[in-house]
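**Q**
There are 2 protein chains.
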Amino acid sequence: MAKRTSAQAAETREAILAAARALFSADGYATTSIAAIVDAAGVTKGALFHHFDSKEALFLQIWQDLQLEMDVEARAAAAAAFSKFDHFAAFLAGSRVYLSWATRPEYQRIVLVDGPSVLGSARWHGLEFDLGKRTLVPGTKYMASKGHFPKAMAVPAALMLQASLNAAAYALAQDQLGVTRDQFLATFERMLRGLSQISSSKAG
Amino acid sequence: MAKRTSAQAAETREAILAAARALFSADGYATTSIAAIVDAAGVTKGALFHHFDSKEALFLQIWQDLQLEMDVEARAAAAAAFSKFDHFAAFLAGSRVYLSWATRPEYQRIVLVDGPSVLGSARWHGLEFDLGKRTLVPGTKYMASKGHFPKAMAVPAALMLQASLNAAAYALAQDQLGVTRDQFLATFERMLRGLSQISSSKAG
DNA sequence: AATTTTACATACCATTGGTATCATATCGTC
DNA sequence: GACGATATGATACCAATGGTATGTAAAATT
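Top line first, the protein sequences correspond to chains A and B. Okay, so the first sequence: first residue is 1 according to the numbering used here, each after it adds one. Okay, so the second sequence: first residue is 205 according to the numbering used here, each after it adds one.
(1) Which of helix, strand or coil does DSSP assign to Tyr346/B?
(2) Say whether the stretch 39-54 of chain A touches the stretch 81-100 of chain A, bearing in mind that this needs 3 or more beta-carbon pairs closer than 8 Å, one atom from each stretch.
(3) State buried or exposed for Ser164/A, treating a residue as buried only when at least 16 other CB atoms are found within 10 Å of its CB.
(4) From Gln268/B, Ser237/B, Asn370/B and Leu252/B, pick the residue whose C-alpha is nearest to that of Arg300/B; which is it?
(5) Identify the contact partners of Ser117/A in chain B, using a Cβ-Cβ distance below 9 Å as the criterion.
(6) So that I know if they touch, is there some Cβ in chain A lying closer than 8 Å to that of Phe388/B?
(7) Taking only the alpha-carbon atoms, compute the straight-line gap between Asp257/B and Ala214/B and give it to the nearest angstrom.
(8) Show which residues of chain A have a CB atom less than 7 Å away from the CB atom of Arg385/B.
(9) Below 8 Å, can you find three or more Cβ-Cβ pairs linking the stretch 359-367 of chain B to the stretch 168-183 of chain A?
(10) What is the residue span of the alpha helix (DSSP H) that Tyr98/A lies within?
(11) Please tell me whether Leu131/A and Asp71/A are closer than 8 Å, where the distance is taken between their beta carbons.
(12) In terms of alpha-carbon separation, which member of Ser6/A, Ala78/A and Ile16/A lies closest to Lys222/A?
(13) Pick from Arg217/B, Glu218/B and Ala240/B: whose alpha carbon is nearest that of Phe228/B?
(14) Determine the DSSP secondary structure at Leu381/B, reduced to helix, strand or coil.
(15) Just the Cα atoms here: how many angstroms apart are Gly319/B and Ala93/A?
(16) Is DSSP giving Val43/A helix, strand or coil here?
As structure tokens, this is what we get:
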């Protein structure tokens with residue numbers, strides 16, 4: 001039990017993160033106790049509070065990890081689609097990846113459901129919008145610059161589209177509406193194209 | 205201190221609801237203790253747990269009260285607008301009222317932020333969609349029946365539009381984006397009309 | 001080699017939501 | 001109008017929780 005090297009400290013830290021991530025995802029933040037986390041990770045409370053200032057700080061770290069993983073994948077998909085110089089295709093490709101992430105129980109529970117209440121609504125929306133600013137807003141800004149809609153709508157449109165995907169993800173995860181993923185995506189695309197006043201071009 | 209009539213019991217109940225509502229709104233569910241509630245209400249824990257099964261049940265009651273109050277007002281606005289037999293106007297009028305409610309700190313914190321995490325995501329979205337089913341979905345179904353968009357999009361469209369309004373409300377409440385209410389409403393209307401493939405008619 | 005810092009372990013604490021119990025006033029029934 | 005049942009609510013208590021205080025030994029730094 002004499003693990004004291006910095007490498008093994010990192011290992012401890014990772015064990016805590018993995019255990020907490022699984023428990024937060026399965027049971028939610030509020031009903032997951034510190035004791036349950038350290039038990040699952042095979043460490044003690046001392047170790048946890050050494051690596052993280054508080055339960056909330058631990059949650060925030062996991063939240064950011066998840067966002068980063070999703071962001072990397074969404075960017076890659078959008079970049080691949082943009083290789084054909086089609087901004088709509090890139091936008092939709094990124095959105096599709098985001099929707100698939102937002103449907104995963106882990107991402108949904110931690111990032112979307114518990115996030116706002118644990119981190120505070122203001123902080124959560126700040127972080128969410130920072131994400132949108134790097135992903136969706138460039139797309140809407142480009143469309144606006146091409147005259148598809150007024151520039152003043154670039155930011156609100158991105159925000160509302162992002163929220164639409166989140167809502168679709170909730171509904172899909174629960175599957176209590178009888179609406180399929182393809183139907184949501186079709187509606188989303190129609191909203192986007194309708195917003196842009198472009199009669200249906202060749203959709204991806 | 206000898207209040208024991210059923211009328212005064214109702215008074216006690218209302219005092220608890222009012223105190224809890226104010227505290228949940230100001231501090232959030234998690235950080236508001238039962239002790240703080242009963243102190244503010246001028247009653248004891250015995251009274252609170254007599255009238256409500258649990259802290260969560262108390263929260264749920266307040267949640268439903270707020271939804272009901274909002275629903276009444278939104279319906280009235282939509283009905284008034286529909287007197288001119290304009291479904292779009294009715295839809296937009298109801299949406300405007302909803303947006304104004306969703307911007308209030310009390311509604312936003314209790315219904316939108318803490319709701320999903322306290323009541324559980326599944327329950328919350330179930331209740332939210334029940335609301336949408338009585339308000340937004342009839343509107344989108346009507347539009348679909350008129351051929352504005354495929355019928356299969358009526359439900360997903362309503363869901364996504366509702367989520368768009370929620371997101372707009374968050375952003376407006378925080379005011380950290382520089383987007384005005386009118387800009388959000390204009391974008392929302394454009395999304396709705398774009399979805400419906402109707403080139404801008406005379407908007408309200 | 002001396003000292004400081006890192007990395008944990010253990011014992012403890014105040015607060016929390018919730019329960020058990022008790023007291024008393026009101027209400028229906030006769 | 002007596003009386004048991006019930007509604008109302010006050011008090012004492014409990015287990016669990018997040019977090020802290022403190023201790024300790026290994027590693028890093030000087």
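Yeah, the Cβ is synthetic: ideal placement off N, Cα and C, and Gly gets one too.
**A** So, from the data block:
(1) For the purposes of this step, residue 346/B is identified with residue 142 of the second sequence, where counting begins at 1. The DSSP-derived three-state label of Tyr346/B is helix.
(2) Not touching, per the Cβ criterion.
(3) Translated into positions along the first sequence, residue 164/A becomes position 164. The residue is buried, with at least 16 neighbouring Cβ atoms inside 10 Å.
(4) Numbered from its first residue, the second sequence carries residue 300/B at position 96. Answer by Cα proximity: Asn370/B.
(5) What you label residue 117/A is simply residue 117 of the first sequence in a count that begins at 1. Residues of chain B passing the Cβ test: Gly232, Tyr233, Ala234, Val317, Asp318, Gly319, Pro320, Ser321 and Val322.
(6) Taking the first residue of the second sequence as 1, we reach residue 388/B at position 184. With 8 Å as the cut-off, Phe388/B counts as an interface residue toward chain A.
(7) By 1-based counting over the second sequence, the position of residue 257/B is 53. By 1-based counting over the second sequence, the position of residue 214/B is 10. Computed Cα separation, rounded: 16 Å.
(8) Here residue 385/B corresponds to residue number 181 of the second sequence, with the count starting at 1. Simply none; closest approach about 10 Å.
(9) yes
(10) In the first sequence, the residue the question calls residue 98/A occupies position 98. It spans His87 to Thr103 - the alpha helix (DSSP H) in which Tyr98/A sits, taken as one unbroken run.
(11) Translated into positions along the first sequence, residue 131/A becomes position 131. Translated into positions along the first sequence, residue 71/A becomes position 71. For Leu131/A and Asp71/A, yes; Cβs fall inside 8 Å.
(12) Here chain A covers residues 1 to 204 and nothing more, so residue 222/A does not appear.
(13) Within the second sequence, numbered from 1, the residue matching residue 228/B stands at position 24. Cα-wise, what sits closest to Phe228/B is Ala240/B.
(14) As a working note, residue 381/B is residue 177 in the second sequence. It is coil, neither helix nor strand.
(15) Mapped onto the second sequence, residue 319/B falls at position 115. Mapped onto the first sequence, residue 93/A falls at position 93. Looking at the two C-alpha atoms, the distance is approximately 31 Å.
(16) Here residue 43/A refers to the residue found at position 43 of the first sequence. Of the three classes helix, strand and coil, the one that applies to Val43/A here is coil, per DSSP.
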